[in-house]
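> In my numbering, the protein residues as written are 340 to 705.
1) Quick check for students: name the residue ranges of the alpha helix (DSSP H) that lie wholly in the segment 510-573, counting only runs of 4 or more.
2) Tell me which same chain residues have a C-beta within less than 6 Å of the C-beta of residue 481, skipping the five on either side of it?
3) Taking just the CA atoms, how far does residue 441 sit from residue 434?
4) Since residue 591 is in the beta strand (DSSP E), which residue starts that stretch and which ends it?
5) On a CA-only basis, which of 485, 465, 613 is nearest residue 421? Give me that one, please.
6) When the Cα atoms are used, what is the spatial distance from residue 461 to residue 491?
7) Would you mind giving the Cβ-Cβ distance between residue 594 and residue 473, rounded to the nearest angstrom? I have them listed as a contact below 8 Å.
8) Residues in the same chain with beta-carbon distance under 7 Å from residue 545, minus the five sequence neighbours each way, listed in chain order, please.
9) With a threshold of 8 Å, are at least 3 pairs of Cβ atoms found where one atom belongs to the segment 452-470 and the other to the segment 636-645?
10) Which whole-angstrom value describes the C-beta separation of residue 430 and residue 400, a residue pair presumed to lie in contact below a C-beta threshold of 8 Å?
11) Between which two residues does the alpha helix (DSSP H) carrying residue 327 extend?
12) Look at the Cβ atom of residue 487, then the Cβ atom of residue 577, and state whether they are nearer than 8 Å.
13) Near residue 630, what residues of its chain come up, given a Cβ to Cβ distance below 6 Å and the 5 sequence neighbours on each side ignored?
14) Where do the ends of the alpha helix (DSSP H) carrying residue 614 lie?
15) Under 8 Å by Cβ, that's how I've got residue 719 and residue 649 pegged, so tell me the actual separation to the nearest angstrom.
16) Exposed or buried, what is residue 623 when buried is set at 16 or more other beta-carbons lying within 10 Å of its beta-carbon?
17) Contact defined as beta carbons within less than 8 Å: I believe residue 438 pairs with residue 522. What is the distance between those atoms, to the nearest angstrom?
18) Buried or exposed for residue 404, please, with buried defined as at least 16 other CB atoms from any protein chain shown within 10 angstroms of its CB.
19) With residue 517 and residue 679 assumed to form a contact (beta carbons below 8 Å), what rounded beta-carbon distance in angstroms separates them?
20) Ordered along the chain, which non-local residues of its own chain (more than five positions away) have a Cβ less than 7 Å from that of residue 575?
21) Please state the DSSP three-state secondary structure of residue 644.
22) By DSSP, does residue 692 sit in helix, in strand, or in coil?
23) Which term fits residue 374, buried or exposed, when burial requires 16 or more other beta carbons within 10 angstroms of its beta carbon?
24) Between residue 646 and the rest of its own chain, which residues show a CB-CB distance below 7 Å, the 5 nearest in sequence each way excluded?
Given below as structure tokens:
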């Protein structure tokens with residue numbers, strides 16, 4: 340999931356076809372679908388809490404505002420769900436906006452400027468330690484970050500080959516450093532002593548490597564995948580955020596404002612249910628999802644390349660409730676070891692405080 344660059348709306352771009360009968364994909368989607376069917380279309384939770392009901396379209400769909408990074412293919416299932424009517428089937432009209440940076444997104448969700456936001460857990464987790472009026476409600480997938488290096492500079496797919504090398508990143512405290520410092524450490528390379536880190540604006544990382552100022556760099560897809568394609572075989576993948584020992588970990592999440600959770604929990608559950616079904620479609624048929632994503636045009640890449648990126652990701656992994664809290668606690672504990680999170684942080688307590696199990700009928704910490 341890469342950083343967005345504009346604030347265009349999907350309103351005039353994503354137009355779902357007339358709804359057709361849908362088939363749920365996977366056991367979790369069936370379970371969520373049943374819960375959403377019981378809850379969808381009601382505003383009882385909002386009425387009981389005294390909260391103002393969500394606005395509705397002329398045909399009665401509840402309007403929910405979702406902010407996501409529209410140049411990141413990993414959010415494609417969230418877009419597909421609108422295009423093929425999965426949100427509509429659950430009584431929702433989802434309005435998309437693009438976010439420009441993590442603090443702005445979290446502030447927008449926490450203050451109700453948007454209802455939900457999608458992004459990387461490694462971007463969210465430290466700001467959430469400081470306190471925002473929101474909850475994490477779903478994991479979306481794993482595997483949209485990687486570190487690559489130049490064969491000409493002596494880098495191979497052996498992680499030990501980065502010793503003595505300089506690694507480029509776009510932010511000294513950002514998601515790429517946090518992720519790959521931990522993965523290097525887990526694989527026997529000291530991220531503070533064995534390598535050097537150098538910061539460049541993200542668009543200049545590739546040029547810095549070509550000049551020889553750095554020998555490796557880390558960022559997110561599709562930037563990394565496309566750079567490897569352009570390199571003619573020079574760039575080799577050293578690590579991804581699915582490398583051992585992180586196989587099967589989720590990397591991106593959906594956050595919901597507490598205002599929305601108080602106003603209409605069923606709407607949040609309905610959106611998560613649609614997302615899970617769309618994610619399962621993505622896991623089974625990434626080309627279909629790539630075509631849907633390519634229609635927006637935020638990424639100037641062939642559909643085949645977008646599909647290739649989606650295949651490398653784990654869209655069959657979308658933890659909720661206790662499973663999501665376990666992921667958050669894992670990352671929080673890991674980040675304590677490199678001084679990112681406060682040394683007195685209780686990872687399990689922290690995770691319980693920022694994750695809401697939306698499959699439950701009332702506000703529920705896990």
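From the three backbone atoms N, C-alpha and C, an ideal C-beta is built for every residue, glycine too.
Let me lay it out:
1) 514-525, 544-550, 562-569
2) 581, 588, 589, 590, 653, 656
3) 19 Å
4) 591-596
5) 613
6) 31 Å
7) 5 Å
8) 566
9) no
10) 6 Å
11) For residue 327 there is no data in the structure shown, the boundaries of the chain being 340 and 705.
12) yes
13) 642
14) 604-623
15) Residue coverage of the chain in this structure runs from 340 to 705, which leaves residue 719 outside it and unanswerable.
16) exposed
17) Incorrect: roughly 26 Å between the Cβ atoms, too far for contact.
18) buried
19) 6 Å
20) 487, 488, 490, 494, 495, 496
21) helix
22) helix
23) Interpretation of residue 374 is limited by its pLDDT of 46, a score under 50 that renders its predicted location unreliable; no figure is taken from the coordinates.
24) 625, 626, 629
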